[in-house]
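Data block below; observations after.
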Amino acid sequence: MKPKKTPMRMCVGCREMKPKRELIRVVRSPDGAVSLDPVGKKPGRGAYVCRSEACMKRAIKQRQLERVLEVQLTEEVSRQLQETIAALPPPDGGDQPLG
Ligand SMILES: [Zn+2]
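Numbering of the sequence shown is given in my numbering, commencing with residue 1369 and proceeding in unit increments.
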């Protein structure tokens, strides 16, 4: 049996390639609003960041997020993104393995 291929994405904070499920999607909706998209299903242009406040901060500070999403982040949105990512549960926070 073949191992399942893991989709990889680059974190715009640390610029490392990581499995998509370990990253969190940041989406710019068609109306220009920027928000976190933990489910990965929101419409719009997306960027990926580690589930880490440090990576999110770096992505904002180095303007990588703005570049990838082609949007200008206000200070308020930047703060919101950092607060939201800080409040996320850890990636393997006690959930049951499937199957
Ligand atoms: Zn990262």
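Every residue, glycine too, gets a C-beta built ideally from N, C-alpha and C. Small disclaimer: the values here were computed from a predicted structure and weren't measured.
Neighbourhood of residue i by C-beta, 6 Å cutoff - its chain only, sequence neighbours within 5 removed
i	result
Cys1423	Cys1379, Gly1381, Cys1382, Val1417
Lys1410	Val1395
Gly1408	Arg1393
Length of the line joining the Cα atoms of residue i and residue j
i	j	result
Gly1400	Val1439	7 Å
Leu1391	Pro1406	9 Å
Ser1420	Lys1429	14 Å
Met1369	Leu1441	46 Å
Ile1437	Pro1371	Note that residue 1437 corresponds to Leu in the displayed sequence, not to Ile. Rounded to whole angstroms, Leu1437 to Pro1371 spans 33 Å at the Cα level.
Met1385	Pro1375	10 Å
Gln1450	Pro1387	21 Å
Extent of the continuous alpha helix (DSSP H) run through residue i
i	result
Ala1427	1421 to 1429
Val1445	1443 to 1455
Val1439	No alpha helix (DSSP H) contains Val1439, which DSSP labels as neither H nor E.
Proximity to residue i [Cα-Cα], best of the options
i	options	result
Ser1397	Ala1415, Met1385, Glu1384	Ala1415
Val1402	Ala1454, Glu1443, Pro1387	Glu1443
Ser1446	Pro1457, Arg1377, Lys1370, Val1394	Val1394
Arg1435	Arg1413, Leu1456, Gln1448	Arg1413
Thr1452	Lys1410, Leu1404, Pro1411, Arg1389	Leu1404
Sequence-distant residues of its chain with Cβ nearer than 8 Å to residue i (five each side left out)
i	result
Arg1426	Gly1381, Cys1382, Gln1432
Lys1373	none
Beta strand (DSSP E) segment containing residue i, residue limits
i	result
Cys1418	1413 to 1418
Lys1386	1385 to 1387
Residues near residue i by beta carbon distance below 7 Å, same chain, minus five either side
i	result
Ala1454	Glu1421
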